[in-house]
Amino acid sequence: MGLGAYVAVSAALFVLGLIAILVRRNVIYILMGIEMILNAANLNFVAFNRFGSMKLDGQMFAIFVIILAAAEAAVALAIVLNVFYLFDSIKPGEADLLRE
Amino acid sequence: MKEAALQRIFYGALGVLALAACGVGLASAGASGAAFALFAALTLGGGVMCIWERSVVRSAFALMATFTGIAGLFVLLEADFLAMAQILIYVGGILALILFAVMLTPPDLGERKLSRILAGTVCVGAAALFLGLQVAHTANWFVRGAPLDGRAAGEFGSAERIGVGFLGVNEYVVAFELAAVVLTVALVAAVYIARRRKTDLEPEAGEEAR
Chain A
37 MGLGAYVAVS AALFVLGLIA ILVRRNVIYI LMGIEMILNA ANLNFVAFNR
87 FGSMKLDGQM FAIFVIILAA AEAAVALAIV LNVFYLFDSI KPGEADLLRE
Chain B
2 MKEAALQRIF YGALGVLALA ACGVGLASAG ASGAAFALFA ALTLGGGVMC
52 IWERSVVRSA FALMATFTGI AGLFVLLEAD FLAMAQILIY VGGILALILF
102 AVMLTPPDLG ERKLSRILAG TVCVGAAALF LGLQVAHTAN WFVRGAPLDG
152 RAAGEFGSAE RIGVGFLGVN EYVVAFELAA VVLTVALVAA VYIARRRKTD
202 LEPEAGEEAR
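In order, the protein sequences belong to chains A and B. Quick note: the first sequence uses the numbering used here, first residue 37, plus one each step. Quick note: the second sequence uses the numbering used here, first residue 2, plus one each step.
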């Protein structure tokens, strides 16, 4: 399988993540969509690392993306819990304290 | 009744598509092609299921298929350590975190809005297709014919090589330390944000005390 196949899968996964963010109005779905998008980026990094002439840079980038995704998930879920305590809802449209 | 029929049609179509992808892969590139098609189908099928399912718990478990498929693709790309880290961190860690959040928040079982899913899919898909065709038309990636030049195939993405990359002189040691600091700060911050304060539990008492 060549580079093109991996890039195509990565692009499709990116689009799926985007759709998950745009179509489902729920904070948890937005988080899942972000995870999908990060995974698509990771797949691209590793595929270009494998087929390109890099040393190990692509895989290192992918590892740091995974690390940051873990940190992001922890912080984002803490924020989701707080938003739920505050607004009794996890729909992003209903968190509107600053609108007043 | 209608819901069940819809589910059956959706999963039937998904299964048929996955089987067809595996068949095409097997016919075009042999065993490696079939493996690639299997993992790609797992990845994309999981993503589609995540969008489709009404229940957040089911979506989270569909995401597990996506992460596992990505790990399989990493193995095919000879990134063994990354595949292992993907399963450990994503499937074991991030998915568990997402499930925690799902369990701690109320269920959101709205009616499935097919029109909305279709509209979003068509809009985003058309835009992505347009951009993708543009990129595929113009991009010129410098890709070598023989990828693993002079390296033994097994050691390229192995844990040993990655470890040397992390801690070796003149490699990624600064980024490694930085990642450690970022993780510590982020996790301490997450604990601080997520903890329930006493005033949250008894708002009236908290107001009086102030």
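Ideal Cβ placement from N, Cα and C applies to all residues, glycine included.
ask   = residue 130(A) by DSSP, collapsed to three states: which one?
value = Numbered from its first residue, the first sequence carries residue 130(A) at position 94. Looking at residue 130(A) - three-state DSSP - the assignment turns out to be helix.
key: Terminal residues of the alpha helix (DSSP H) in which residue 88(A) lies   = Working through the first sequence from its first residue, we reach residue 88(A) at position 52. Per DSSP, residue 88(A) belongs to no alpha helix (DSSP H) and is neither H nor E.
query = In whole angstroms, what is the alpha-carbon distance linking residue 141(B) and residue 85(B)?
reply = The residue given as residue 141(B) occupies position 140 in the second sequence. The residue given as residue 85(B) occupies position 84 in the second sequence. If I take the Cα positions, the gap works out to 32 Å.
inquiry  = Can you confirm whether residue 117(B), when its beta carbon is compared against all beta carbons of chain A, has any partner nearer than 8 Å?
reply    = The sequence position of residue 117(B) within the second sequence is 116, counting from 1. Yes, contact with chain A.
query = Taking all protein chains shown into account, do 16 or more other C-beta atoms lie within 10 angstroms of the C-beta of residue 89(B), making it buried, or fewer, making it exposed?
reply = By one-based count along the second sequence, residue 89(B) stands at place 88. Looking at its Cβ environment, which holds fewer than 16 other Cβ atoms inside 10 Å, residue 89(B) is exposed.
key: residue 40(B) burial status per 10 Å Cβ neighbour count (16 or more: buried)   = Here the question's residue 40(B) lines up with position 39 in the second sequence. Residue 40(B) is buried by the Cβ-count criterion.
request  = Would you please verify whether the beta carbon of residue 183(B) is less than 8 Å from any beta carbon of chain A?
outcome  = Position 182 of the second sequence, counting from 1, holds the residue named residue 183(B). Output row for residue 183(B): interface = yes.
Residues that residue 60(B) contacts on chain A, provided the C-beta gap is smaller than 9 Å = For this step, residue 60(B) is matched to residue 59 along the second sequence. Chain A residues near residue 60(B): 56, 60, 64, 65, 68.
query = Taking DSSP as the reference, what is the three-state secondary structure of residue 56(A)?
reply = Here the question's residue 56(A) lines up with position 20 in the first sequence. If DSSP states are grouped into helix, strand and coil, residue 56(A) belongs with the helices.
message = Taking only three categories from DSSP, how would you classify residue 121(A)?
response = Position 85 of the first sequence, counting from 1, holds the residue named residue 121(A). Correct three-state label for residue 121(A): helix.
ask   = What first and last residue would you give for the alpha helix (DSSP H) that runs through residue 60(B)?
value = Reading the second sequence from its first residue, position 59 is the one you call residue 60(B). It spans 57-77 - the alpha helix (DSSP H) in which residue 60(B) sits, taken as one unbroken run.
request  = Verify the CB distance criterion: does residue 133(A) have a CB-CB separation below 8 Å to chain B?
outcome  = Here residue 133(A) refers to the residue found at position 97 of the first sequence. False, the Cβ-Cβ gap to chain B never drops below 8 Å.
task = Taking residue 132(B) as the reference, give the member of 41(A), 42(A), 39(A), 51(A) with the closest Cα.
result = Along the second sequence, read from residue 1 onward, the residue named residue 132(B) stands at position 131. For the residues 41(A), 42(A), 39(A), 51(A), the minimum Cα distance to residue 132(B) belongs to 51(A).
task = Name the residue from 114(A), 96(A), 88(A), 92(A) whose alpha carbon lies nearest to the alpha carbon of residue 95(B).
result = Taking the second sequence and counting its residues from 1, one reaches residue 95(B) at position 94. With distances taken between Cα atoms, residue 95(B) lies closest to 114(A).
request  = Compare the C-beta of residue 120(A) against all C-beta atoms of chain B and say whether one is closer than 8 Å.
outcome  = As a first step, residue 120(A) is located in the first sequence; it is residue number 84 there, counting from the start. True, the Cβ-Cβ gap to chain B drops below 8 Å.
task = Kindly indicate which three-state DSSP category residue 34(B) falls into: helix, strand or coil?
result = Counting from 1 along the second sequence, the entry for residue 34(B) is found at position 33. Residue state, collapsed to three classes: helix.
task = Report the residue from 45(B), 32(B), 19(B), 170(B) whose alpha carbon sits nearest the alpha carbon of residue 42(A).
result = Against the first sequence, residue 42(A) aligns to sequence position 6. Ranking the options by Cα distance to residue 42(A), first place goes to 45(B).
query = Within this structure, are the beta carbons of residue 191(B) and residue 110(A) separated by less than 8 Å?
reply = Position 190 of the second sequence holds residue 191(B). Position 74 of the first sequence holds residue 110(A). Closer than 8 Å, so yes.
Residues near residue 82(B) by beta carbon distance below 7 Å, same chain, minus five either side = For the purposes of this step, residue 82(B) is taken as residue 81 along the second sequence, with counting starting at 1. The answer, listed in chain order, is 158, 159, 160, 163.
ask   = Whose Cβ in chain A lies nearer than 8 Å to the Cβ of residue 67(B)?
value = Residue mapping note: residue 67(B) aligns to position 66 of the second sequence, counting from 1. Residues of chain A passing the Cβ test: 49, 72, 75.
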